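For reference, the structure discussed in these notes is given below.
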Amino acid sequence: MAHAAGQTIDRWNGGVCPFDAGWRKVMMWWFIVTDGLLFAGFLASYGYARILAFHWPNQSSVFSLPYIAAMTFVLITSSATMASAVDATRRSRLRASLPFVLLTAAGGAVFLGMQAFEWRHLIEAGARLNTNPWGDASFGAYFFLLTGFHGLHVLTGVTVLATTAVRLAKGLSTAEGVEMAGLYWHFVDLVWVFIFTLFYLV
Amino acid sequence: MRIYWITWAVLLVFTVVMLWADGAAIPRAAFLVFMIAAMLTKASIIAGNFMHLRSERAGLVATVVIGLLVTGLVLYVLIAPDAARIHTMVGAQ
Numbered sequence: 000m001a002h003a004a005g006q007t008i009d010r011w012n013g014g015v016c017p018f019d020a021g022w023r024k025v026m027m028w029w030f031i032v033t034d035g036l037l038f039a040g041f042l043a044s045y046g047y048a049r050i051l052a053f054h055w056p057n058q059s060s061v062f063s064l065p066y067i068a069a070m071t072f073v074l075i076t077s078s079a080t081m082a083s084a085v086d087a088t089r090r091s092r093l094r095a096s097l098p099f100v101l102l103t104a105a106g107g108a109v110f111l112g113m114q115a116f117e118w119r120h121l122i123e124a125g126a127r128l129n130t131n132p133w134g135d136a137s138f139g140a141y142f143f144l145l146t147g148f149h150g151l152h153v154l155t156g157v158t159v160l161a162t163t164a165v166r167l168a169k170g171l172s173t174a175e176g177v178e179m180a181g182l183y184w185h186f187v188d189l190v191w192v193f194i195f196t197l198f199y200l201v
Numbered sequence: 000m001r002i003y004w005i006t007w008a009v010l011l012v013f014t015v016v017m018l019w020a021d022g023a024a025i026p027r028a029a030f031l032v033f034m035i036a037a038m039l040t041k042a043s044i045i046a047g048n049f050m051h052l053r054s055e056r057a058g059l060v061a062t063v064v065i066g067l068l069v070t071g072l073v074l075y076v077l078i079a080p081d082a083a084r085i086h087t088m089v090g091a092q
């Protein structure tokens, strides 16, 4: 079906461009799907261990949930600033997006600092990969695996955002570049929604 | 830009309600259903509004959402009964 101006677009008919998106965006979505599947595997494995375990620790007695909620607040806020940055670039205001990108990177750095503090607290309390003082032995392994792998993604995101900020300041970055950094950052936030619910609350 | 900060506020409200539910005396099954529903709603809001999936073509949306949800579900549904069976067998010994 050819698309004439003003004609309703058939959202299933892409013709020679099925997703109606540039290759960078399509590849970023492919990356997000495959990386998401990796996290899905981790979380399914964690679910398996939870069902098997007879003495899974009570999370509210191990973690400070208000502290974890504060980490969540930081990440959600950084996602909102990133969306604002992308919005600015879509309005052809590339330079105006710079403060938002910097704020997002700062949010990511704060999140990493808070996570490092949480890790230190748990390690001092006796949590290890193969043992912990609260219950099932695999609890420590899943805690370090899930939060560590997510933390690595946050670290990567902060690096990407810092690079994007430098390129924006030099006038080298494009609107698409900021959008790709944004997609990645929102994915990091999205994964945290699952970890926060399934590991810390349920 | 307003939509992003409204989304931010909605996500925060969901987070606070989930924290409240965690401390409330709710039956375990209802608690699990509520938490998973809230989690999936939050994820949909982030993907739809922040990642602009709402304005992408249906083909891209279907590829991403079906790819992730179905694979995640299959992963869990296939192994969860096995874990429950082993749990029951070990508990009986």
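Just so you know, the protein sequences line up as chains A and B, in that order. First residue of the first sequence: 0, per numbering that gives the first Met the number 0; consecutive thereafter. First residue of the second sequence: 0, per numbering that gives the first Met the number 0; consecutive thereafter. We treat Cβ as the ideally placed atom computed from N, Cα and C, and that holds for glycine. Quantities reported herein were computed from a predicted structural model and do not represent experimental measurements.
Candidates the options: closest to residue i by CA position
i	options	result
A:Phe38	B:Arg1, B:Met88, B:Gly90 and B:Leu72	B:Leu72
A:Arg89	A:Glu117, A:Pro132 and A:Ala174	A:Ala174
B:Trp4	A:Phe53, A:Thr76 and A:Gly46	A:Thr76
A:Leu197	B:Leu39, B:Ala83, B:Val9 and B:Gly47	B:Leu39
A:Ala168	A:Val100, A:Trp29 and A:Phe72	A:Val100
A:His172	A:Asn129, A:Ala68, A:Ala95 and A:Gly46	Inspection of the sequence shows that residue 172 of chain A is occupied by Ser rather than by His. A:Ser172 has its Cα closest to that of A:Ala95, out of A:Asn129, A:Ala68, A:Ala95 and A:Gly46.
A:Phe18	B:Gly47, B:Glu55 and B:Arg84	B:Glu55
A:Leu64	A:Pro132, A:Met113 and A:Met179	A:Met113
B:Ile44	A:Leu102, A:Arg23 and A:Ala79	A:Ala79
B:Ile78	A:Ile31, A:Met179, A:Gly139 and A:Tyr47	A:Tyr47
A:Phe138	A:Arg23, A:Ile50 and A:Lys24	A:Ile50
B:Val63	A:Ile31, A:Phe72 and A:Ala69	A:Ile31
C-alpha distance - residue i paired with residue j, whole-angstrom precision
i	j	result
B:Thr12	B:Ala91	In the sequence on display, residue 12 of chain B carries Val and not Thr. Computed Cα separation, rounded: 43 Å.
A:Tyr183	B:Met88	43 Å
A:Asp34	A:Asp86	25 Å
A:Val201	B:Leu31	7 Å
A:Gly134	B:Phe49	38 Å
A:Trp55	A:Trp29	35 Å
A:Leu42	A:Phe193	9 Å
B:Ala46	A:Gly170	29 Å
A:Ile67	B:Leu10	15 Å
A:Phe116	A:Cys16	47 Å
A:Leu36	B:Val60	16 Å
B:Gly66	A:His120	37 Å
Cβ of residue i within 9 Å of any chain D Cβ
i	result
B:Ile25	The chain inventory of the structure shown lacks chain D, comprising the protein chains A and B.
Spatial neighbours of residue i in its chain, beta-carbon cut-off 6 Å, leaving aside the 5 residues before and after
i	result
A:Gln208	Beyond the ends of chain A as shown, which are 0 and 201, falls residue 208 of chain A; an answer cannot be given.
A:Leu74	Phe110, Asp188 and Trp191
A:Ala52	Asp135
Contacts around residue i, its chain only, beta-carbon distance under 7 Å, and the 5 residues preceding and following it disregarded
i	result
A:Gly107	Ser77, Val153, Gly156, Val157 and Leu160
A:Ala104	Val157, Leu160, Ala161 and Ala164
A:Ser136	A small fix is needed here, since residue 136 of chain A is Ala in this sequence, not Ser. The answer, listed in chain order, is Asn129 and Thr130.
A:Leu145	Phe41, Tyr45, Ile194 and Phe198
A:Leu97	Ala164, Leu167 and Ala168
Close beta carbons around residue i, own chain, < 8 Å, minus the five adjacent residues each side
i	result
A:Gly181	Met81, Ala82, Ala84 and Val85
A:Met179	Arg23, Lys24 and Met27
B:Pro26	none
**OP:** Tell me, please, whether the stretch 152 to 169 of chain A touches the stretch 118 to 131 of chain A by the rule of three or more beta-carbon pairs shorter than 8 Å.
**Re:** no
Original post:
With contact counted as at least three CB pairs below 8 Å, one residue from each stretch, are the stretch 184 to 195 of chain A and the stretch 135 to 155 of chain A in contact?
Top reply: yes
**OP:** Taking 8 Å as the threshold, find out whether the stretch 90 to 98 of chain A comes into contact with the stretch 7 to 25 of chain B through three or more Cβ pairs.
**Re:** no
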